[in-house]
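K.L.:
Chains as they are written, first to last, in my numbering: chain A, 1234 to 1344; chain B, 6 to 117.
Here it is, written out as structure tokens:
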């Protein structure tokens, strides 16, 4: 069965902290994505990667970076967390056009 | 500027009746459309899709209709069941693209 695992369900961080969100998929998919979900705004793409060490900016990359050193793992980094980065973060992987498999999400609160 | 719009934040339907969720898009370069369903505390899951060369796609109780001239698509659920209560996201993809653009979502409540 397909599985995308996000390391934390809930995280509470302080403003200015460096935050790492980890995501692992076991499907050998080339494409991996990071989205954030906010009420009234739906899912917005932060970054995606179509291969190891490759990354592309999504629609809202400011304040974030990513790392993909291995095919199965895609990390989202908040260099200096701010309160407006409080959100639900969703990782996904895919092999087909648009057919994404999502993790359960990480609810991040920045205080 | 939202390219994919779901103008109804919520919808309430009686069990056994039809649920119709609507979605509008502005970019004529979109050529593939998908619907995702999301339960609380879970990630979205793929539900059904449609290519722009079709105007209808059916999968069991779920049917998606596409009206390209109106840049409108809709998801029909017949009959609706309480387990269908979830947030439904419409999403669109451009030809040769791999970035899905999502709408804001519609909360569906099916009352028993």
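Heads up, the beta-carbon is just placed ideally off N, CA and C, and yes, glycines get one too.
In whole angstroms, what is the alpha-carbon distance linking residue 1334 (chain A) and residue 50 (chain B)?
P.N.:
When rounded, the distance between both Cα atoms is 7 Å.
K.L.:
Report yes or no: do three or more beta-carbon pairs, one from the region 70–81 of chain B and one from the region 1316–1330 of chain A, lie closer than 8 Å?
P.N.:
Counting Cβ pairs under 8 Å, fewer than three are found: no touch.
K.L.:
Go to residue 1311 (chain A), then tell me how far its beta strand (DSSP E) extends in each direction, as first and last residue.
P.N.:
Start and end: 1306–1311.
K.L.:
So within the region 7–80 of chain B, which uninterrupted beta strand (DSSP E) runs reach at least 3 residues, ignoring any that extend past its ends?
P.N.:
Runs found: 15–19, 24–30, 35–43, 50–56, 61–64 and 67–72.
K.L.:
Can the beta-carbon of residue 29 (chain B) be found closer than 7 Å to that of residue 10 (chain B)?
P.N.:
Contact: yes.
K.L.:
Under 9 Å Cβ-Cβ, which residues of chain B neighbour residue 1342 (chain A)?
P.N.:
Per Cβ cutoff of 9 Å: no residues; residue 1342 (chain A) is ~15 Å from chain B at best.
K.L.:
Taking Cβ-Cβ distances shorter than 9 Å, what residues in chain A pair up with residue 65 (chain B)?
P.N.:
The contacting residues do not exist; residue 65 (chain B) stays about 17 Å from chain A at best.
K.L.:
Could you tell me which chain B residues have their CB closer than 9 Å to the CB of residue 1337 (chain A), listed as they occur along the chain?
P.N.:
Residues of chain B passing the Cβ test: 46, 47 and 48.
K.L.:
How many Å lie between residue 95 (chain B) and residue 1344 (chain A) at the Cα?
P.N.:
C-alpha separation (whole angstroms): 32 Å.
K.L.:
Mind pulling the chain A residues with CB within less than 7 Å of residue 54 (chain B)?
P.N.:
Here the neighbours are 1331.
K.L.:
Taking its Cβ as the centre, do 16 or more other Cβ atoms sit within 10 Å of residue 75 (chain B), making it buried, or is it exposed?
P.N.:
So residue 75 (chain B) ends up on the exposed side.
K.L.:
Tell me the DSSP secondary structure of residue 1264 (chain A) in three-state form.
P.N.:
Here residue 1264 (chain A) sits in strand by DSSP.
K.L.:
Please list, in chain order, all residues of the same chain as residue 90 (chain B) whose beta carbon is under 7 Å from its beta carbon, the five residues on each side excluded.
P.N.:
Here the set comprises 113, 114 and 115.
K.L.:
Once the 5 residues before and after residue 71 (chain B) are set aside, which same chain residues still bring their CB inside 6 Å of it?
P.N.:
These residues qualify, in order along the chain: 55, 60 and 78.
K.L.:
Which value, in whole angstroms, describes the spacing of the CA atoms of residue 1253 (chain A) and residue 66 (chain B)?
P.N.:
Cα to Cα, the separation comes out at about 40 Å.
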